[in-house]
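Residue numbers (the numbering used here), protein chains in the order written: chain A, 1 to 221; chain B, 222 to 442.
Heads up: the structure comes next, in structure tokens.
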DNA sequence: ACGAATATAGAATCTAGATTCGATGTGTCT
DNA sequence: AGACACATCGAATCTAGATTCTATATTCGT
């Protein structure tokens with residue numbers, strides 16, 4: 001630690017953190033693109049215009065960098081989801097918002113999320129469990145909402161909340177690996193369509209008729 | 222080629238192919254487990270109880286092995302899907318069968334499929350395109366069926382066939398990465414549930430009502 | 001301007017892992 | 001039995017990539 005004045009220490013720490021962020025960000029970017037094992041520390045350094053050995057000033061090992069990236073990748077998710085959970089609204093609406101906030105993360109921190117989704121399995125046991133705990137929290141939230149829907153009658157009674165949750169997550173997480181062209185279609189629109197699909201399906205009789213004044217008007221521009 | 226008697230040649234060739242299959246199978250297994258870049262040729266050899274250098278008798282490079290695995294991973298898909306497409310039935314029913322046959326592949330050749338889904342991106346451009354062509358065929362088939370549903374009126378007119386196709390595929394392909402516990406639930410059941418979800422959604426009024434009433438009474442939370 | 005801590009460079013190390021090559025074993029046909 | 005093609009081994013090569021260490025440059029508070 002610095003032995004300087006408190007303010008000095010603070011200023012320094014901020015700078016340090018900022019640079020550290022850049023480094024982790026660069027790692028995230030390369031991990032996302034080439035996969036963890038396909039990434040060389042050299043490639044990360046290149047992104048930063050830095051000597052490869054200097055990276056080790058910021059993280060103790062490539063593996064540690066991966067864990068950090070994964071951790072940040074989940075944090076956003078969890079916070080966003082928890083915010084939604086605190087709201088008071090019908091389960092299906094909540095589910096819609098959960099999907100939207102989940103997909104929103106893909107726009108906010110695409111690299112981190114992609115690494116979390118595709119590469120977390122390469123973490124050593126200990127950290128994988130740590131990260132897994134967080135991702136299970138998201139799963140549980142979605143499942144809870146679905147179950148609440150079943151209990152309150154808005155969701156078909158026979159539904160399997162767990163499988164449905166996995167289906168929804170699978171569908172959403174796939175987006176991060178879509179080709180640019182497809183992901184390009186604005187995330188909000190995708191979220192809306194997904195929510196609609198999950199709620200009412202594709203079948204024609206699945207959606208309520210328009211004259212019923214349902215706030216379920218066609219997708220939108 | 223052998224200069225021996227035809228029958229001898231045949232017998233030999235069969236044995237060769239069989240062994241080659243084992244080798245590619247072993248590669249598939251390890252690729253699936255550790256990812257392409259995380260896989261060492263040593264690990265593949267271990268599975269076979271063979272010296273690592275001997276592998277090169279069966280494939281010219283690790284990359285070639287990946288391509289072979291990916292190729293086999295798609296072949297199954299395409300064939301199964303094409304068989305379904307040839308049948309004559311309403312689009313939604315076809316979609317259901319497409320989902321089922323897709324998931325069935327996950328049971329038949331899980332390793333190959335997993336590698337195809339997770340690792341094809343590491344193929345060199347040329348082979349990635351080759352493999353991509355096949356996977357796009359599957360995409361097109363699904364999209365076609367959905368479009369047919371829209372045209373024939375069984376699927377909601379506003380639906381976006383392309384996005385819906387991506388959603389369905391994302392949902393299905395996620396299954397291959399589920400934890401054992403979750404994938405354990407018999408594939409047929411999962412397929413049925415997915416089909417139901419895609420067709421009618423989770424909402425209670427989503428399933429074909431017995432009579433024409435669509436009481437979408439908002440559940441009071 | 002000075003000194004303490006920080007940030008980066010440079011060179012060196014050390015290992016694992018892909019690929020090559022020649023030798024050897026093994027079964028099969030004539 | 002002898003020849004031949006196939007299958008595997010063993011050793012060697014060759015390189016890339018992670019990590020370590022030491023030296024230098026930079027920055028900031030005083």
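Don't be surprised by glycine CBs; every beta carbon is placed ideally from N, CA and C.
A quick note: this is a predicted structure, and the numbers were derived from the prediction, not measured.
Of all C-beta pairs linking the stretch 320–337 of chain B to the stretch 289–306 of chain B, three or more are shorter than 8 Å, placing the two stretches in contact.
According to the DSSP secondary-structure assignment, residue 376/B is paired through a beta bridge with 203/A. With its beta carbon less than 8 Å from one in chain B, residue 154/A belongs to the interface. Residues of chain A with a Cβ closer than 9 Å to the Cβ of residue 258/B are, in chain order, 34, 35, 36, 37, 38, 39.
For residue 54/A, the three-state secondary structure derived from DSSP is helix. Rounded to whole angstroms, residue 264/B and residue 258/B show a C-alpha spacing of 12 Å. Interface residue (Cβ-Cβ distance to chain B less than 8 Å): residue 194/A is classified as such. For residue 332/B, the uninterrupted alpha helix (DSSP H) run begins and ends at 331–340, by DSSP. By the Cβ-count criterion, residue 186/A is exposed, with fewer than 16 other Cβ atoms from all chains shown falling within 10 Å of its own Cβ.
The alpha-carbon of residue 404/B is positioned some 29 Å away from that of residue 109/A. Of all residues in the stretch 101–130 of chain A, only 122 come within less than 7 Å of chain B when Cβ atoms are compared, listed by chain position. Residue contact check for residue 141/A against chain B: no CB pair falls below 8 Å. Inclusion of residue 73/A and residue 112/A in the CB contact set at 8 Å is warranted, their separation being smaller than that value. In the DSSP annotation of this structure, the continuous segment of the alpha helix (DSSP H) that includes residue 72/A starts and ends at 62–86. The C-beta of residue 381/B has 16 or more other C-beta atoms within 10 Å across all chains shown, which makes the residue buried. With fewer than 16 neighbouring CB atoms inside 10 Å of its own CB, residue 261/B falls in the exposed class. According to the DSSP assignment, residue 400/B belongs to no alpha helix (DSSP H), since it is labelled neither H nor E.
Contact annotation: the stretch 347–356 of chain B does not touch the stretch 265–277 of chain B, with fewer than three C-beta pairs closer than 8 Å. Ranked by Cα distance from residue 168/A, the options 180/A, 18/A, 179/A, 95/A are led by 95/A.
Using a Cβ distance threshold of 8 Å, residue 359/B and residue 280/B do not count as a contacting pair. If you draw a 10 Å sphere on the C-beta of residue 423/B, you find 16 or more other C-beta atoms in it, and that means buried. Shown here is that no member of the stretch 281–294 of chain B has a Cβ falling below 7 Å from a Cβ of chain A. Residue nearest to residue 347/B within the set 362/B, 363/B, 319/B, 285/B is 285/B (criterion: CA-CA distance). For residue 272/B, same chain residues with a beta-carbon under 8 Å away, outside a window of 5 residues either side, are 266 in chain order.
Residue-level contact check: residue 318/B does not touch chain A, since none of the beta carbons of chain A fall below 8 Å from its beta carbon. Note that the C-beta distance between residue 425/B and residue 156/A is below 8 Å.
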